[in-house]
Amino acid sequence: MTTVTRGSCLCGEVTYELRGHIGLFQYCHCSRCRKFTGSAHASNLFVQPEQLVWLSGESLVRRFEPQTSKHFATAFCQQCGSSLPWLSKSGKAMVVPAGSLDADPGIRPLQSIHFASRAPWYVSPDALPAYDRLPTKKPDAKSKGKV
């Protein structure tokens, strides 16, 4: 049985499927991933290029490749700016932003890479208060969740 996982951009114009086994799921804390995601790290899945099938909107996908990078590139929807799967510069792997998936991929992150270059403001999510929805008031500055 072939596993199929679907993904899409925020506006829904670009859709894709991953067919088969997902090879790896990891967090990357490098500065390029932080810049591209606007977050503390990227959450990336890796599959073979032939496992990704664009279902719609492929013409809306744009790619950015820094000339100085060995592996890194990015792809995004030109309409809504969502991060989308991109082919590594070597052509050997598709890097799939986990946040673009529409359902649980059935795999969990195995590691954090480039952790030594993590953002100086990074705090592990386990060290922060967690709310199921937007809290009704600001956390007390004296509490664990300082503002």
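At the far end of the sequence shown sits residue 747, using the numbering used here, and the numbering has no gaps. Just so you know, even glycine gets a beta-carbon here, dropped at the ideal spot from N, CA and C. All of these numbers come straight from a predicted model, not from anything done at the bench.
Residues that residue i bridges to, as DSSP identifies them
i	result
P697	N644
T605	L618
V653	E617
As assigned by DSSP and simplified to three states, the class of residue i
i	result
V747	Model confidence at V747 stands at a pLDDT of 47, short of 50, so the residue's coordinates are unreliable; what they give is reported in the following sentence. DSSP places V747 in coil when its eight states are reduced to three.
L660	helix
P735	coil
S688	coil
S682	coil
Limits of the unbroken alpha helix (DSSP H) element including residue i
i	result
R632	631 to 637
Extent of the continuous beta strand (DSSP E) to which residue i belongs
i	result
S712	711 to 713
D674	What sits at residue 674 in the sequence shown is Thr, not Asp. Looking at the DSSP string, the run of the beta strand (DSSP E) that includes T674 is 674 to 677.
C611	Premise fails: C611 is in no beta strand (DSSP E) and is neither H nor E.
Y722	Looking at the DSSP string, Y722 is not in any beta strand (DSSP E), and its letter there is neither H nor E.
C628	624 to 628
Any C-beta of chain B under 9 Å from that of residue i
i	result
A642	You won't find chain B in this structure, because it holds only one protein chain.
Practice item. Taking 8 Å as the threshold, find out whether the stretch 633 to 640 comes into contact with the stretch 608 to 620 through three or more Cβ pairs. Key: no
Review point. Is the stretch 650 to 668 touching the stretch 707 to 718 in the sense that three or more CB pairs, one from each, lie closer than 8 Å?
Key: no
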